[in-house]
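Read in order, the letters of the sequence shown correspond to residues 743 to 1212 in our numbering.
Even glycine gets a Cβ: it sits at the ideal position worked out from N, Cα and C.
Okay, so here's the structure we're looking at.
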Amino acid sequence: MKETKYGLCSLGLYDYRGVEEHLSAMAAQGWRLEKAGNTLWKYRRAEPARLRYAVTYSDSASRFNPGPTEGQRSLEELCAAAGWEKAADWDQAQIYSTADPAAVPLETDEALRLEGIHRSMKKNFLPANAVLLVLVLFVARDFFLALFTGDLYGMVESNARLFAAAMSVSTVCFEAYILAGYFLWRRRSQRSVEDGGACVPVGRGYRRASLAMWILLALLTAAYLLAELAGGGGGAALYFVSYTALFLLLGFLVRQTTALMRKRKASKTANIAVTLAVDVVLAFALVGGLTYTALHYSWFTGGFGSQESYEYRGREWDVNPRQDLPLTLAELTGERYDHVCRRAYNSGSFFVAERSYSESALLQDGPKFCGLDYTVYEPRFSAIQESLLEDFLEDDPVDLPGIGTIFTSRYLPEDPAPWGAEAVYRHYYGETPSGGWLLVWPGRVVEFNPHGPLTEVQRAAAAARLGPEA
743 MKETKYGLCS
753 LGLYDYRGVE
763 EHLSAMAAQG
773 WRLEKAGNTL
783 WKYRRAEPAR
793 LRYAVTYSDS
803 ASRFNPGPTE
813 GQRSLEELCA
823 AAGWEKAADW
833 DQAQIYSTAD
843 PAAVPLETDE
853 ALRLEGIHRS
863 MKKNFLPANA
873 VLLVLVLFVA
883 RDFFLALFTG
893 DLYGMVESNA
903 RLFAAAMSVS
913 TVCFEAYILA
923 GYFLWRRRSQ
933 RSVEDGGACV
943 PVGRGYRRAS
953 LAMWILLALL
963 TAAYLLAELA
973 GGGGGAALYF
983 VSYTALFLLL
993 GFLVRQTTAL
1003 MRKRKASKTA
1013 NIAVTLAVDV
1023 VLAFALVGGL
1033 TYTALHYSWF
1043 TGGFGSQESY
1053 EYRGREWDVN
1063 PRQDLPLTLA
1073 ELTGERYDHV
1083 CRRAYNSGSF
1093 FVAERSYSES
1103 ALLQDGPKFC
1113 GLDYTVYEPR
1123 FSAIQESLLE
1133 DFLEDDPVDL
1143 PGIGTIFTSR
1153 YLPEDPAPWG
1163 AEAVYRHYYG
1173 ETPSGGWLLV
1183 WPGRVVEFNP
1193 HGPLTEVQRA
1203 AAAARLGPEA
């Protein structure tokens, strides 16, 4: 039989009635609160009992303090004399319990209670939620920019962007709801107290919203992982799972650092400084290590083991070049290459498949090289393809500081007949063609960049390999 268990916290810090009712119900089931955190609460098994709980607030309380402040110690002494036992701290909330039904309530002045709650909210709850609101807007800035400009492709170009946008929109709505909910509760409570009553109940809206966010997070995470796996992005899915695990590990290690510094009686300032330093160093180490691993072991290029290679003429070449490229240099030129390096990369979404390919080869025995790069886009809907083409066909001025525009990068239409495509656009730097093309078919767009001129036969051969019937 388990002696401890954990539960998700779905209560607001200012919802003292909800906390009291919840803990009394848990005590009746044989569980007592042992530790309260912002996400998880820890309970220990005990004999079922009829306990009363009470929550009071101390704006001087902090998990970085080396121990209880003078005010907290005085409060504990007064509560003990009145028959109340300290159960746990939850940021600025001090939680007490008693088995005595006649014990004097800890708070008797509702105006002082309301003011104490607001001072405590300004220490933790309000700043933390305001910062989170800003951060989620920053994370999804590209999506919101695409939304405001009507760039449909920009909104759906990657599963990661869709996931970040969905989570950001949900979080913005949730944060706006709980912040507005707190100020509305405070305003209603002020009116009630002025009329001689008590603070008004918070209600179940906060708890329901919190549980809904956890459920939504689970569903969006599952949808993101399934979309990546279905689209061949197993490496991206693995990176996300690993990143999430390391984020949780980072949080655990940071909390342990804070607890260790507190155990050593370090000052509040020293605790904050050391905790912040550990947080920054571990974040760089863990995320940097993960990113290096992902790149070294080819998570984003279709494999989970490092590409076996050898060095020749100062460059790395594949021992066993991959065979899944729609078009290779050998197929394009009809020549044989002894030293090649091939790469592929998935970066699309459920709404538009996107896969990039590149190949480089050594001409004869060197020292010259040749290469080939192309990206295949397969939008699910014509509106997305139209938006994608608008992005490509928009002129892009290239500026230098103090000089201005030196040339414009652009695509101009040309005869699609040699390619057998619906439309073809040639890339130019100013008035000079660069050697890149945009090939368009219904349901498919190919950004094609051979590293050299092509004959009409080669153009037809490339189109035959890259077109929708390939």
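Near F925, which residues of its chain fall below 6 Å by C-beta distance, leaving aside the five closest residues on each side in sequence? none
Note the first and the last residue of the continuous beta strand (DSSP E) segment covering Q836. A835 to T840
Using alpha carbons as the reference points, say which of A908, Y1167 and A1163 lies closest to E1156. Looking at the Cα atoms, Y1167 is the closest of the given residues.
At which residues does the beta strand (DSSP E) containing G760 begin and terminate? First-last for G760: Y758 to A770, but that is the alpha helix (DSSP H), not the beta strand (DSSP E).
Say the cut is 7 Å; is the CB of A922 nearer than that to a heavy atom of the ligand ZN? Ligands displayed in this structure: none; no statement on the ligand ZN is therefore possible.
Tell whether a beta-carbon distance below 8 Å holds between G760 and L750. Result no, Cβ atoms of G760 and L750 do not sit closer than 8 Å.
Provide the residue span of the beta strand (DSSP E) that contains T781, from first to last. Careful: T781 lies outside any beta strand (DSSP E) and carries neither H nor E.
6 Å Cβ shell around D1115 - same chain, five flanking residues per side excluded: S1100 and N1191
Of the residues A1204, L953 and A951, the one placed nearest E1073, counting alpha carbons only: The residue with the shortest Cα to Cα distance from E1073 is A1204.
Can you find at least 3 beta carbon pairs, one from the region 1105-1113 and one from the region 914-922, that sit closer than 8 Å? no
So the candidates are G947, C915 and A978; which of them puts its Cα closest to the Cα of T1043? A978
Which value, in whole angstroms, describes the spacing of the CA atoms of A822 and V898? 59 Å
Stretch pair the region 831-849 + the region 795-810: three plus CB contacts closer than 8 Å: yes
Cα separation between R883 and L889? 10 Å
I'd like the list of long-range same chain contacts for K777, defined as Cβ closer than 8 Å, with 5 residues on each side in sequence excluded. W783, K784 and A830
Look at the Cβ atom of L894, then the Cβ atom of I1126, and state whether they are nearer than 8 Å. yes
Which residue marks the beginning of the alpha helix (DSSP H) containing N901, and which one marks its end? N901 to E936
Check whether the Cβ of N1191 lies closer than 8 Å to any Cβ atom in chain D. Looking for chain D here will not work: only one protein chain is present.
How many Å lie between R1207 and D1060 at the Cα? Looking at the two C-alpha atoms, the distance is approximately 23 Å.
Quick check on the DSSP output: the alpha helix (DSSP H) that includes L848 runs from which residue to which? L848 -> no alpha helix (DSSP H), and no H or E assigned at all.
Between the beta-carbon of S910 and the beta-carbon of L961, is there less than 8 Å? no
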